[in-house]
Amino acid sequence: MTTVRQRRVGKGTEAAEDQPSEEKNVKPDGRIPSDHTGGKLWNILSITVGGIVAISLGLLTSVYVATLHENDLWFSNIKEVEREISFRTECGLYYSYYKQMVQAASIQQGLHGLVYDNKTESVRTINILERMNVYQEVFLSILYRILPIQQYLEPVYFYIYTLFGLQAIYVIALYITSWLLSGTWLSGLLAACWYITNRVDTTRVEFTIPLRENWALPFFAVQIAAITYLLRTHLQPVQERLTLMAVFIATFLFSLTWQFNQFMMLIQALTLFILDCFDMLPTAKVTWLYIIQISGLLLVCVLQFFNSMILGSLLISFNASVLIARTIQKNLKRGGLLNRLGKLILHALLVLCLTLLINKFIKKILNLESDEHIFKFLKAKFGFGATRDFDANLYLCEEAFGLLPLNTFSRLSDTLLFYIYVFVLFLMAVTAVIVAFRNLSGSNQVQFMEKMEECPITLKPDAAYNLIHTVLFGCLALSTMRMKYLWTSHMCVFASFGLCSTEVWKLILKCIHLYTSQRTRVIKYSVPIITLLYISYKFWPGIMDELSELREFYDPDTVELMNWIKSNTPNTAVFAGSMQLLAGVKLCTGRTLTNHPHYEDKNLRERTKQIYQIYAKRSPEDVYRILRSFGTDYVILEDSICYERRHSRGCRLRDLLDIANGHIMDGLGENEPDLKPSLYPRFCEEIKKNLPSYTIHFTRVFQNKTFHVYKLAKHK
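Take the sequence shown: its letters are residues 1 to 716, numbered as in UniProt numbering.
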């Protein structure tokens, strides 16, 4: 088991806030008053200073997370095998392909090895570029090979520095989004500071570097910034075309680097759909965004050799359904309140039915089952029936796929982020409801709006988009903790926008009859500055202490195992074991695996369930037969799994296997009535007794405090 121990001694623009905020920016036909002609020099100066601050904060964030990574592991001083072991589970698997490309005799040979890979899954040749999102590793390895940096920079540093560099892009994109929404770069500064001080809940890049989300989320943030700019109502045609191009590039890169891209963009498409239904976004721009999503995903599909999981995604079915439904219901945005509500309900039902029909048709044609485990998991998670499905339960029992812990909100509240976010969210949500009601009511509700003249309600399209975006991704984060990083980073943007927005403070002050332009300006700047001073005073000492704390990577058992494998087994040996450990085996030793952590393939899921029978109550003959069917030469047993205590009864891996096999679980507690006692003891425990029925098939060849390696006999 890995531990970390104390290190031993010895070894948008500022001027935009002056723009009139009374624009009727919810309807696409709204007018915008002419820009102020004075103060151009001040505008340029403000943009320059804001840009410098954004770049500086981005670079500082990169240096910050890189320093934390170095201080936590003493990465520069540990051995190469220890560095590789620090890339845990699927992180190690992804990095292994970068290492493979760098060490290949040529780029062509490296690509051939990925397209015709027979070491990731034994007795099977797979296309890694089709199955996994590893184009970033391919690109980075080629870049490392052609740049004259090999003498100065090791491949692993080129890799991790690239990921830390992407954090700079991430923070800059968050900064710009907040700046665009509020009109002042002070908002961007506050968003970036919140992102850094809430690092535990906004990113995990420093200890899961190669994880797909660390590649993808910076591009997602860039895409959101581009969409926010696109939804402004005063863009020139050239600006609009360039922004659409930026949205497409960011969408494509986001889709290329993360296998869960389709689910994130589906939520984004739902955001666009909701706002378009309530006439809060220009329909033409929404249509372009739908098309960009489909185009980006289809381009990725081509690059991934027509990956069927992409073609069968709900996103493509949903976007196509929306575009088809629009052509059927051409007069959707005409009529009075009740008329339009009826049309919207019918429209939503039509889109839902078309989505399910198209998706079912595509999956039937392609015989697609790669993502069925996700829907089984969602069905069980939200209470639509209990399941004994091994894959679904494997997700349900992982903390990362559980509900968002309540202590997350206490941490976010310490920086005032959560309090301010909830306040801004409530205010903007009420505004959105009023605006939606006004849009649906049309001219029949003029009298209602006349009563609101003392407290005018408007909502800009870019603010409306970010509002629904944060609500939907908030729901996702609350239901699945692993997805909180999509929400918390945007929470920083949304809260800082509300605190620095002229429109928000003007609305509040007008509603309580205290509005003056001077008072609005004073509050708009003073409240964020006070918040920044509070954050600096409270968290700066903690950040300095964190940066000064030195630790060291320490996992001698795994290091010993990897060194033994490299020294005592042939290069062609096939290893079976837990998918998390085997990713490290592939990275550190280059040996062939029976299974691995990239779970988006039905055959691999079935294979993993079979391999995991080493931790179930099965006979030695059954386990031997299963392992040999996958060409296994060695099997690695882990005490941390065989005698697991991390999970409660019913969620331990051995319990999940027992339930799936119809066997009663170990320990005190209830069992479902139809579960039966197994005829055999647990394999991983019984094999250590060296009984003849086991030694005829398995010979122990390595052992330490954590791992036991057995060589399989080769019977004729």
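Ideal Cβ placement from N, Cα and C applies to all residues, glycine included.
Margin query: Measuring straight from C-alpha to C-alpha, what distance separates residue 112 and residue 304?
Written below: Distance from the CA of residue 112 to the CA of residue 304, rounded to the nearest whole angstrom, comes to 14 Å.
Next item on the list: Taking only runs that begin and end inside the stretch 136 to 214, name each unbroken alpha helix (DSSP H) of 4 or more residues, in chain order.
Entry: Fully enclosed alpha helix (DSSP H) runs of 4 or longer: 155 to 182, 185 to 197 and 199 to 202.
Next item on the list: For the beta strand (DSSP E) containing residue 712, list its first residue and its last residue.
Entry: Taken as a continuous stretch (DSSP letters only), the beta strand (DSSP E) holding residue 712 covers 707 to 712.
Notebook entry, point to check: Any contact of the stretch 169 to 182 with the stretch 222 to 241, i.e. 3+ C-beta pairs under 8 Å?
Noted result: Touching, yes.
Notebook entry, point to check: Could you give the residue range of the alpha helix (DSSP H) that holds residue 115?
Noted result: 107 to 115
Next item on the list: State the DSSP-derived secondary structure class of residue 388, mapped to helix, strand or coil.
Entry: Coil, per DSSP.
Notebook entry, point to check: What number of angstroms, rounded off, separates the C-alpha of residue 358 from the C-alpha of residue 364?
Noted result: 10 Å
Checklist line | Residue nearest to residue 194 in terms of C-alpha spacing, selected from 396, 564, 283 and 418 | finding: 418
Notebook entry, point to check: Counting Cβ pairs closer than 8 Å, one from the stretch 40 to 48 and one from the stretch 521 to 532, do we hit at least three?
Noted result: no
Next item on the list: Measure the CB-CB distance between residue 642 and residue 588 and report whether it falls below 8 Å.
Entry: no
Check: Sorted by chain position, which residues of the same chain lie with C-beta nearer than 7 Å to residue 156's C-beta, five sequence neighbours on each side aside?
Finding: In the same chain as residue 156, and ignoring 5 residues on each side of it, the C-beta atoms closer than 7 Å to its own belong to 83, in chain order.
Next item on the list: Return the chain-ordered list of same chain residues with a C-beta closer than 8 Å to the C-beta of residue 411, the five sequence neighbours on each side being excluded.
Entry: 198, 200 and 201
Margin query: By the DSSP assignment, the beta strand (DSSP E) with residue 698 in it spans what residues?
Written below: 698 to 703
Next item on the list: Sort out for me which residues DSSP pairs residue 635 with in a bridge.
Entry: 576 and 710
Margin query: Could you check whether the stretch 546 to 553 touches the stretch 60 to 79, counting it as contact only if at least three pairs of C-beta atoms, one from each stretch, sit closer than 8 Å?
Written below: The stretch 546 to 553, when compared against the stretch 60 to 79, does touch it at the 8 Å Cβ threshold.
Notebook entry, point to check: Exposed or buried, what is residue 361 when buried is set at 16 or more other beta-carbons lying within 10 Å of its beta-carbon?
Noted result: exposed
Next item on the list: Compare the C-alpha of residue 295 against each of 503, 251 and 150 and name the closest.
Entry: Of the listed residues, the one whose Cα sits closest to residue 295 is 251.
Note to self: If I measure Cβ to Cβ from residue 158 and keep anything under 6 Å in the same chain, skipping five residues before and after, which residues do I get?
What the structure shows: 144.
Item checked: Rounded separation between residue 161 and residue 502 - CA only -> 39 Å
Item checked: Beta-carbon gap between residue 476 and residue 487 smaller than 8 Å -> yes
Notebook entry, point to check: What's the gap between the Cα of residue 223 and the Cα of residue 132?
Noted result: 22 Å
Notebook entry, point to check: Of all Cβ atoms in chain C, is any one closer than 8 Å to the Cβ of residue 391?
Noted result: Looking for chain C here will not work: only one protein chain is present.
Check: So, do the stretch 97 to 116 and the stretch 574 to 581 have three or more beta carbon pairs nearer to each other than 8 Å?
Finding: no
Note to self: I need the boundaries of the alpha helix (DSSP H) containing residue 717, first residue and last residue.
What the structure shows: In the structure as shown, the chain starts at 1 and stops at 716, and residue 717 therefore has no counterpart that could be examined.
Next item on the list: Report all residues from its chain with a CB closer than 7 Å to the CB of residue 583; omit the five preceding and five following residues, and keep chain order.
Entry: 89, 90, 92, 93, 596 and 597
Item checked: Beta-carbon proximity check, residue 212 vs residue 259, cutoff 8 Å -> yes
Notebook entry, point to check: Thinking just about the alpha-carbon of each residue, which of 117, 439, 241 and 209 is nearest to the one in residue 458?
Noted result: Nearest of 117, 439, 241 and 209 to residue 458, Cα basis: 439.
Next item on the list: Please name the residue or residues paired with residue 593 in a DSSP beta bridge.
Entry: 575
Check: Leaving out five residues before and five after residue 126 in sequence, what residues of the same chain have Cβ atoms less than 7 Å from its Cβ?
Finding: Here residue 126 has 117 and 120 as same chain residues with Cβ atoms under 7 Å from its own Cβ, once five neighbours each way along the sequence are excluded.
Checklist line | Through-space distance from residue 233 to residue 542, alpha-carbon basis | finding: 43 Å
Note to self: Whole angstroms are fine: how far does the CA of residue 437 sit from the CA of residue 446?
What the structure shows: With a pLDDT of 48 at residue 446, under the threshold of 50, the modelled position of that residue is not reliable, and no figure is offered here.
Next item on the list: For residue 705, count neighbouring C-beta atoms within 10 Å of its own C-beta (all shown protein chains included) and say buried if the count is 16 or more, exposed if not.
Entry: Classification for residue 705: exposed.
Item checked: Beta-carbon proximity check, residue 394 vs residue 656, cutoff 8 Å -> yes
Next item on the list: Express the C-alpha separation of residue 64 and residue 78 in angstroms, rounding to a whole number.
Entry: 20 Å
Check: Could you give the distance in angstroms between the alpha-carbon of residue 414 and the alpha-carbon of residue 535?
Finding: Rounded to the nearest angstrom, the two C-alpha atoms are 9 Å apart.
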